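For the sequence shown, the working numbering begins at 764 and goes up steadily by one. Don't be surprised by glycine CBs; every beta carbon is placed ideally from N, CA and C. These figures come from a predicted structure and were not determined experimentally. Below is one structure, written out as structure tokens; the observations come after it.
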Amino acid sequence: MLYELRSYEALPGKLPALNKRFAEVTLKIFARYKMDVVGFWTNEIGGYSNELVYMMRFDDMGDRERKWKAFGADEEWQKARAASEADGPLLLRINARFLRPTAYSPAQ
């Protein structure tokens, strides 16, 4: 099992639009490609106030690559992304980390 921890730093004032895009469009497309979302978070204390963090679970790196490629090529996603960024981009930067559970981790 491979976990991908992603953090998106939104441009000033754009976090609500980013959350809306995930809630209304992105999650449906993730489901279409069987992309397993563990959860989404924003910072309560610490971190950046304009940061969205989420974790996804994949069988392995090959599974991850296939699913992200299909997602990126999805016509509905491309249209939704363009529409949500009509007034400019939403993101300043994206950070991704790949985590493999230890043998003793409850998350496998």
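The stretch 856–866 makes contact with the stretch 765–772: 3 or more CB pairs, one atom from each, lie closer than 8 Å.
Taken through DSSP and simplified to helix, strand or coil, Ser-770 comes out as strand. For Ala-846, the closest of Asn-813, Val-788, Ala-773 by C-alpha to C-alpha distance is Val-788. The alpha-carbon separation between Leu-778 and Asp-850 amounts to approximately 14 Å. Taking the Cβ atoms as the reference, Val-801 lies roughly 12 Å from Phe-793, outside the contact range of under 8 Å.
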